[in-house]
Amino acid sequence: MKIKIEVDENLIEEEILIRCKSFDNQIQNIQKALTEATKKENQFVFYKGETEYYLTLDEILFFETEKQKIMAHTGDEIYETKYKLYELEELLPKYFLRVSKSTILNVTTVRSIQRNITSTSLVTLKNTYKQVFVSRRYYKELKEKLIEMRNLL
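Numbering (my numbering), first residue to last: 6 to 158.
The following block contains the structure:
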């Protein structure tokens, strides 16, 4: 596969063109990755009391259920969102992954995983004291996602 970049100072809007013999899984994955990387809807509305906050998803460490509410955690704050976890799974970029029945994790924020073979594993996050538990059911998928993310860099 060849990758070419042409600079055209006369362009009004950026354009990405993919030329291929057939539209296979590899091309589809490239299209999804480019679409995700260029989305401007990467900002969500969060709430704290009566105040609305506009944060980018990169600021969110994880989402979790708390007393029938969905909370979004940043490094030092907790906000409420109006979405349900299953709705967030559909809306969030691929670097978010469900890691338990009640938690969706931003995989780019993982610092370490303390594995526990018989029950949940403990994930520590970058630049914060906050931690997340990963259930056995989701552990393998998390490891695969971490490897995938590392290969993209």
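Every residue gets a Cβ at the ideal spot worked out from N, C-alpha and C, and that includes glycine. Remember, predicted model here, so these are calculated numbers, not experimental data.
Distance CB(M76)-CB(E64) smaller than 8 Å: The residue you call residue 76 lines up with position 71 of the sequence shown. The residue you call residue 64 lines up with position 59 of the sequence shown. Cβ atoms of M76 and E64: not closer than 8 Å.
Helix, strand or coil for Q73, going by three-state DSSP, please let me know. By 1-based counting over the sequence shown, the position of residue 73 is 68. In this structure, Q73 counts as coil in the three-state DSSP scheme.
In the DSSP assignment, what residue or residues form a beta bridge with R103? The sequence position of residue 103 within the sequence shown is 98, counting from 1. I109, per the DSSP bridge assignment.
For the alpha helix (DSSP H) containing L90, list its first residue and its last residue. Position 85 of the sequence shown, counted from the first residue, corresponds to residue 90. Its alpha helix (DSSP H) spans residues 90-96.
Inter-stretch contact at 8 Å, needing at least 3 Cβ pairs: the region 134-149 / the region 103-110: yes
Assign S126 to buried or exposed, taking buried as 16 or more other Cβ atoms, counted over all protein chains shown, within 10 Å of its Cβ. Stepping through the sequence shown from its first residue, residue 126 is reached at position 121. Counting Cβ neighbours within 10 Å, S126 comes out buried, since at least 16 surround it.
Where T133 and I17 are concerned, what is the direct C-alpha to C-alpha distance, given to the nearest angstrom? The count along the sequence shown starts at 1 and reaches residue 133 at position 128. The count along the sequence shown starts at 1 and reaches residue 17 at position 12. Between T133 and I17, the C-alpha separation is close to 41 Å.
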